[in-house]
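Heads up, the sequence shown is in full-length UniProt numbering, so the first residue is 1 and it goes up one at a time. Every residue, glycine too, gets a C-beta built ideally from N, C-alpha and C. Note that the coordinates shown come from a computational prediction; the quantities given were computed from them, not determined experimentally. Have a look at the structure below, then the notes.
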Amino acid sequence: MEKRRKVSNPLALAAMAWLVRGPMHPYELGRRLQETGMDRSIKYNRGSLYMVVEQLRKAGFVVEQETVREGQRPERTVYALTDQGRAELYDWMRELVAEPRHEYPYFGVALSLLSVLDPGEAAELLGRRLETLTAEVEETRAGMQALLDGGLLWIFQIEEKYRLTVLEAEQRFVTELIDSLRRPGHAEAWQELFRSDT
């Protein structure tokens, strides 16, 4: 069962995961998220990163360790993970990895209501989606290869591997759905069903 968290933003989880490796300031946290490609899975901006670090501090998961200044740069506060933060990180990670969670993607909503569209239009729109999916699959594969070529460890690409697997599964599903919509007699049965509901 999903637990209620003091800080439930996935960005907080990512911040704690980096801080378990050692203290750092939020700017460095952001740089690490970008270097490892995690910014594709966790959306954030500089302001939201500082905000989530402050939420973690208020929750007792991180503490200010020191303030440093490098050259002409402004002072930066370095944060360290507390024992409570470490326990929260591992508990949250174990929950997310072990327990499937029902999510509500927009495409699932659209599919549940697809019968309001004409079958021909639905097939045409799905064709456009398939083109976009195909481009995303190619882009994701190329990005993964570039990161590997750059020396990034495979463990930092598992979320991209998962994303690629999901994209490829959706590609197959959409292709099959388009084929179903174009089968002879399908449009008539669909329209008959829709007329019987009105």
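**Request:** Could you say which of ALA17, ARG141, GLN145 lies nearest to ALA87 if we only look at CA atoms?
**Result:** ALA17
**Prompt:** How about ALA110 and LEU181: do their beta carbons lie closer than 8 angstroms?
**Reply:** In this structure, LEU181 does not lie closer than 8 angstroms to ALA110 by Cβ.
**Prompt:** Just curious, the alpha helix (DSSP H) that VAL166 is in, first and last residue?
**Reply:** 158-181
**Prompt:** Would THR67 pass as a contact of THR77 if the rule is Cβ separation under 8 angstroms?
**Reply:** yes
**Asked** What are the complete alpha helix (DSSP H) segments, minimum 4 residues, inside the UniProt domain "Transcription regulator PadR N-terminal" (18-89)?
**Response** 26-35, 46-59
**Message:** Within 10 Å of its beta-carbon, does residue 214 have 16 or more other beta-carbons around it, so buried, or fewer, so exposed?
**Reply:** This structure cannot speak to residue 214, because the chain is shown only from 1 to 198.
**Asked** Thinking C-beta only, is GLU170 closer than 8 angstroms to LEU133?
**Response** yes
**Prompt:** Closest to VAL116 by CA distance: which of GLU64, GLU192, ILE42 is it?
**Reply:** GLU192
**Asked** Thinking C-beta only, is ALA12 closer than 8 angstroms to MET38?
**Response** no
**Item:** Segment limits, alpha helix (DSSP H) that includes TYR104
**Value:** Taken as a continuous stretch (DSSP letters only), TYR104 belongs to no alpha helix (DSSP H), as it is neither H nor E.
**Item:** Cutoff 7 angstroms; reference TYR27; Cβ partners in own chain excluding five residues on either side
**Value:** ARG76
**Cα-Cα separation between GLY143 and VAL62, rounded to whole angstroms** = 33 angstroms
**Asked** LEU148 by DSSP, collapsed to three states: which one?
**Response** helix
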